[in-house]
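In terms of the UniProt record's numbering, the sequence shown opens at residue 1 and continues consecutively.
All residues carry an ideal CB built from backbone N, CA and C; glycine is no exception.
Written below as C-alpha cells is the structure these notes are about.
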Amino acid sequence: MEPYYVTEGQEGPIMECSFAPEFRNRTRYEPSWTVVAGDLPRHLTRNGVSFSKQHYELLQTSGAYNLQIRHVVFRRDNGKFFCTVLDKESGAQYTVQANIIVVDGVL
C-alpha cells in the first residue's frame with residue numbers, strides 16, 4: 001500500500017480497513033487500530049472503543065473499521081498504523097498496514 005503524505009496541523013486521511021462478511025461477527029472477531037510512531041506501539045481502538053478520541057476518529061460500519069487523524073502532529077502520527085482483526089477463538093490475527101509520512105510545508 002502506498003503511504004499517505006500529510007502536513008502537520010491538517011486533517012489526516014481516512015485509513016481504510018474493511019472486513020469480509022465472515023469476519024464481521026464481533027463476538028468472535030475483535031478489530032483494533034494500533035500505531036507505531038517512534039519506537040513504541042500505542043493502542044488507538046479496540047472493538048469499537050476509541051482510546052484517543054481527541055486525536056483520532058473511528059468511522060465504523062458493519063464491514064468497515066476506518067480511522068481518521070483529526071489534526072496531524074508529527075511526533076504522534078508520523079509512523080505505521082495497523083488495523084488488526086483478532087479471532088478470539090483460534091488466536092489468529094489478520095493485519096493491514098497504513099504508513100503516514102508527515103512532511104513540512106504544503107503538499
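Quick check on residue i: does DSSP put it in helix, strand or coil?
i	result
residue 22	helix
residue 42	strand
residue 77	helix
residue 107	Its pLDDT being 47, under 50, residue 107 is placed unreliably in this model, and the value from its coordinates should be taken loosely. In this structure, residue 107 counts as coil in the three-state DSSP scheme.
According to the neighbour-count rule (16 or more other Cβ atoms, all chains shown, within 10 Å of its Cβ), is residue i buried or exposed?
i	result
residue 76	buried
residue 44	buried
residue 48	exposed
residue 9	exposed
residue 32	buried
residue 40	exposed
Could you say which of the options lies nearest to residue i if we only look at CA atoms?
i	options	result
residue 27	54, 70 and 85	85
residue 98	83, 89 and 92	83
residue 74	62, 35 and 19	35
In chain order, what residues of the same chain have a beta carbon less than 7 angstroms from the beta carbon of residue i, not counting five sequence neighbours either side?
i	result
residue 78	37, 100, 101 and 102
residue 72	6, 7, 8, 9, 10, 12 and 102
Please go through the same chain and pick out, in chain order, the residues whose beta-carbon is closer than 6 angstroms to the beta-carbon of residue i, but skip the five residues on each side of it.
i	result
residue 14	66 and 68
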